[in-house]
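Trainee: Numbering (our numbering), first residue to last: -12 to 227. Positions of the beta carbon are idealized from the N, C-alpha and C atoms, including for glycine. Please read all numbers here as calculations on a predicted model, not as lab measurements.
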Amino acid sequence: MPTKFLYWWDSYKREFDATVVRIDGNRVWLDQTLFHPRSGGVANDTGRLVWQGEEYVVREVVKEGEDAVHILDREPRFRVGDTVHEIIDWDRRYRLMRLHTATHIIAALAYKKYNALVTGGEITPEYARDDYNLTLSGDALRKAFQDLIAEANEVVKRGIPVKIYFLKREEALKIPGIVKLAEREPPPGEEWRIVEIEGIDVQADGGPHVANTREIGEIVFLKSESRGKDKKRVYYTVKP
Ligand SMILES: [Zn+2]
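(1) Which runs of the beta strand (DSSP E), 3 residues or longer, sit entirely within the stretch 13 to 54?
(2) Report yes if the C-beta of residue 192 is less than 7 Å from at least one heavy atom of ligand 1; otherwise report no.
(3) Out of 159, 188, 115, 97, which one is the CA nearest neighbour of residue 208?
(4) For residue 135 and residue 85, I'd like the C-alpha separation in whole angstroms.
(5) Tell me which residues share the same chain as residue 0 and place their Cβ nearer than 8 Å to its Cβ, disregarding the 5 neighbours each side in the sequence.
(6) What residue does the alpha helix (DSSP H) around residue 198 start on, and which one ends it?
(7) Tell me which same chain residues have a C-beta within less than 6 Å of the C-beta of residue 218, skipping the five on either side of it?
(8) For the candidate residues 133, 132, 191, 89, whose alpha-carbon lies nearest to that of residue 146?
(9) So residue 59 packs on residue 44, CB below 8 Å; how close in whole Å?
(10) So is residue 102 buried or exposed if we call it buried at 16+ other beta carbons inside 10 Å?
(11) Pick out the complete alpha helix (DSSP H) segments inside the stretch 114 to 165, 4 residues or longer, and give them in chain order.
(12) Is residue 105 a contact residue of ligand 1, with contact defined as CB to any heavy atom under 7 Å?
(13) CA-CA distance, residue 181 and residue 37?
(14) Within 10 angstroms of the Cβ of residue 73, are there 16 or more other Cβ atoms? Answer buried if so, exposed if not.
(15) Output the boundary residues of the alpha helix (DSSP H) element that contains residue 101.
Okay, here's the thing in structure tokens:
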């Protein structure tokens, strides 16, 4: 059984119990996890596993096949079959959720305005960066990104719900635009998880997001760079 990613259904759960299914040194597999592994350019969650009063720090979470592997600060004393209590570092996770949802809005606006696609990116708790295949450079590029972020902030203020649902692959493929961004975090299997910001963006996506655009707060432009034809890069963050 692949790991069940609990945030697929609820990105706001901060603590939960899970059963240990495999241990290899300080690497631990659980039947279900709240921890988002590093994937699709999005940084992993950190946190703790608690077992009989002993706390283990979850330093890193990586994806191996369809599983999440939790890398602990030391080899655990618990065994396969034991129940552990998962606690995620919420402040870090919530910033990742806010920045990740901001990324959707900016990408949707860039697609609409310039027909530009995201060619790469990274989301950390501190900032996000995206690469676009834009033809602009220099001051014009900076102005374009500043304007996109200003427009994205207008969308944020409208308080639009972010809906999560599941669709069969063939149904999802009928949605215009869904494939343009699907490459960022390609969902596994025949059923796709869909993230929809009503009237703004629909995409197949396996990551945690906020439930309403208002939660993003304010998006702040940091800088832009031209790093090649398909690498017009923008850095931005969200206010604390
Ligand atoms: Zn996303």
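Mentor: Reading from the atomic positions:
(1) 14 to 17, 34 to 38, 41 to 51
(2) One-based indexing of the sequence shown puts residue 192 at position 205. True, at least one ligand heavy atom lies under 7 Å from that Cβ.
(3) Counted from its first residue, the sequence shown places residue 208 at position 221. For residue 208, the nearest C-alpha among the options comes from 115.
(4) Counting from 1 along the sequence shown, the entry for residue 135 is found at position 148. Counting from 1 along the sequence shown, the entry for residue 85 is found at position 98. Going from the Cα of residue 135 to the Cα of residue 85 covers about 17 Å.
(5) Reading the sequence shown from its first residue, position 13 is the one you call residue 0. Same-chain partners within the cutoff: -7, -6, 21.
(6) For the purposes of this step, residue 198 is taken as residue 211 along the sequence shown, with counting starting at 1. Here residue 198 belongs to no alpha helix (DSSP H), and DSSP marks it neither H nor E.
(7) What you label residue 218 is simply residue 231 of the sequence shown in a count that begins at 1. Counting only Cβ-Cβ distances below 6 Å, and skipping sequence neighbours, we find 118.
(8) Residue mapping note: residue 146 aligns to position 159 of the sequence shown, counting from 1. Nearest C-alpha to residue 146: 89.
(9) Working through the sequence shown from its first residue, we reach residue 59 at position 72. Working through the sequence shown from its first residue, we reach residue 44 at position 57. At roughly 7 Å, the Cβ-Cβ gap stays under 8 Å, so residue 59 and residue 44 are in contact.
(10) For the purposes of this step, residue 102 is taken as the residue at position 115 of the sequence shown. Burial call: exposed.
(11) 125 to 144, 156 to 159
(12) By one-based count along the sequence shown, residue 105 stands at place 118. Not one heavy atom of ligand 1 sits closer than 7 Å to the Cβ of residue 105.
(13) Along the sequence shown, read from residue 1 onward, the residue named residue 181 stands at position 194. Along the sequence shown, read from residue 1 onward, the residue named residue 37 stands at position 50. Looking at the two C-alpha atoms, the distance is approximately 32 Å.
(14) For the purposes of this step, residue 73 is identified with residue 86 of the sequence shown, where counting begins at 1. Residue 73 is buried by the Cβ-count criterion.
(15) For the purposes of this step, residue 101 is taken as residue 114 along the sequence shown, with counting starting at 1. That run of the alpha helix (DSSP H) goes 77 to 101.
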